[in-house]
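*Asks:* Before we start, here is the structure in question, set down as structure tokens.
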Amino acid sequence: MPLGLILGVFLVLPIAAIVIVSFWDYDSVQIYPAFITLNYAETLGSWVTWKTFLNTLKFVAIVWAITLVVGFWVAYFLAFHVRTSKMQTVLFLVCTVPFLTSNIIRMISWVPFLGRNGLLNSALVDLGIVPAPLEFLLFSEFAVVLAMVHLYALFMVTPIFNTLVRIDRSLIEAARDAGANGWQILTNVIIPLAKPGIAIGSIFVVTLVLGDFITVRFMSGGQSASMGLMIANQISLLQYPAAAANAVVLLVLVLFMVAAILRVVDIRKEL
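Quick note on our numbering: the sequence shown kicks off at 475 and runs consecutively.
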């Protein structure tokens, strides 16, 4: 009963309110309680919206792939190459140190590093590696992806690490005794047993990237767009019903992608 009450008040009611408002009408001054489907027609019938959806999915795919590779190997190193649990804890806490500051601060910290006259460009020019500063490093999709990987990589490392440390080491010894090499042990023993952590980390990263708008706004310099940024812009223009309709569509997309991940990996069964 307490759990149901909490979920009802803080989850079901807000979502229900967003769905209801998505069917309301509005003008430049106020919104009107009504039942119209114009907001969804404009959302689903606009090529700009579909292009923004595709751009958002592109960010999701790239960031997910990079964080998966980085997160898995960091977790693998912590779980199998760091011998003592005390040192594992220390190194894991080192990974969490950047999260003691705000996401915005960590994101903006890339600006003086990637800027035209930033540390990286200055070093590349001084070393003679490039003749002129690289323009694509900042205020571009590259900067957006880099910042998102920096912000969300730990959400992939943590669940994978928790899964890897629970693997019975006797299984690895048995595979080695049976003649399996390192690659075979990795692909046939470790990765299959790490699937729950990979699935949980994927859910975290996918949902966070789909809803991100601050990173896209600042790191792209207004040259790229995402569904979260489009919704934020509509809210700033007081277009609440249109923003609610886009939020509902985005929520459906998030639920679809999470369901697809859970269909591939049954987390409850695997755990």
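Cβ coordinates follow ideal geometry from the N, Cα and C atoms, glycine included.
The structure displayed is predicted, hence computed values, not measured ones.
#1: What does the alpha-carbon distance come out to for the pair Leu512 and Leu601?
#2: Please identify the residue among Phe635, Asn595 and Ser559 whose C-alpha is closest to the C-alpha of Leu608.
#3: Excluding the 5 residues preceding and the 5 following Val556 in the sequence, name in chain order all residues of the same chain whose CB lies nearer than 8 Å to its CB.
#4: State the start and end residues of the unbroken alpha helix (DSSP H) segment that holds Gln658.
#5: Using 10 angstroms around the beta-carbon of Ser520, count the other beta-carbons present and answer buried if the total reaches 16, otherwise exposed.
#6: Taking DSSP as the reference, what is the three-state secondary structure of Ile641?
#7: Roughly how many angstroms lie between the CA atoms of Ile741 and Leu567, to the nearest whole one?
#8: Taking 8 Å as the cut-off, decide whether the C-beta atoms of Pro715 and Asp499 are in contact.
#9: What are the start and end residues of each continuous alpha helix (DSSP H) run of 4 or more residues lying completely inside the stretch 542-601, in chain order?
#10: Using a threshold of 8 Å, state whether the C-beta atoms of Val543 and Val722 are closer than that.
#11: Looking at Arg580: is its Cβ nearer than 8 Å to the Cβ of His624?
#12: Got a sec? Which residues, its chain only, sit under 7 Å from Gly545 by beta carbon, not counting five neighbours each side?
#13: Could you tell me if Phe527 is buried or exposed, where buried requires 16 or more neighbouring beta carbons within 10 angstroms of its beta carbon?
#14: Whole angstroms is fine: what's the gap from Ala652's alpha carbon to Thr523's?
#15: With a threshold of 16 other CB atoms inside 10 Å of the CB of Met704, please say whether the residue is buried or exposed.
#16: Relative to the C-alpha of Phe613, which residue among Trp584, Phe573 and Gly478 is closest?
#17: Unbroken alpha helix (DSSP H) runs of length 4 or more, entirely within the stretch 694-743: which are they?
#18: Let me confirm a value: Met622 is counted as buried when at least 16 other C-beta atoms fall within 10 Å, else exposed. Which label applies?
#19: Compare the C-alpha of Asn577 against each of Gln697, Ile688 and Trp547 and name the closest.
#20: So is the beta-carbon of Gln658 under 7 Å away from any non-hydrogen atom of the ligand NAD?
#21: Look at the alpha carbon of Thr637 and the alpha carbon of Glu516, and state the distance between them as a whole number of angstroms.
#22: In the DSSP output, which residue or residues are listed as bridge partners for Tyr500?
#23: Between Ile665 and Gln713, what straight-line distance do the alpha-carbon atoms span, to the nearest angstrom?
#24: If you draw a straight line from the alpha carbon of Ala617 to that of Ala668, how long is it in whole angstroms?
#25: Report, in whole angstroms, the separation of the C-beta atoms of Val619 and Ile536, which I expect to be a contact under 8 Å.
#26: Quick one: what's got a C-beta closer than 6 Å to Ala706's C-beta in the same chain, skipping five residues either side?
#27: So, Trp724 versus Leu684, is the Cβ gap smaller than 8 Å?
#28: Do Ser700 and Glu615 count as a contact pair if the criterion is CB distance below 8 Å?
*Replies:* Working from what's here:
#1: 57 Å
#2: Asn595
#3: Gln562 and Leu565
#4: Gly656 to Ile659
#5: exposed
#6: coil
#7: 26 Å
#8: yes
#9: 559-570, 577-582, 585-588 and 593-600
#10: no
#11: yes
#12: Ala627, Met630, Val631, Ile634 and Gly675
#13: buried
#14: 55 Å
#15: buried
#16: Trp584
#17: 701-710 and 714-738
#18: buried
#19: Ile688
#20: This structure does not include the ligand NAD; it has no bound ligands of any sort.
#21: 44 Å
#22: Ile505
#23: 46 Å
#24: 30 Å
#25: 5 Å
#26: Phe687
#27: One detail in the question is off: residue 724 reads as Leu in this sequence, not Trp. A contact, by the Cβ cut-off of 8 Å.
#28: no
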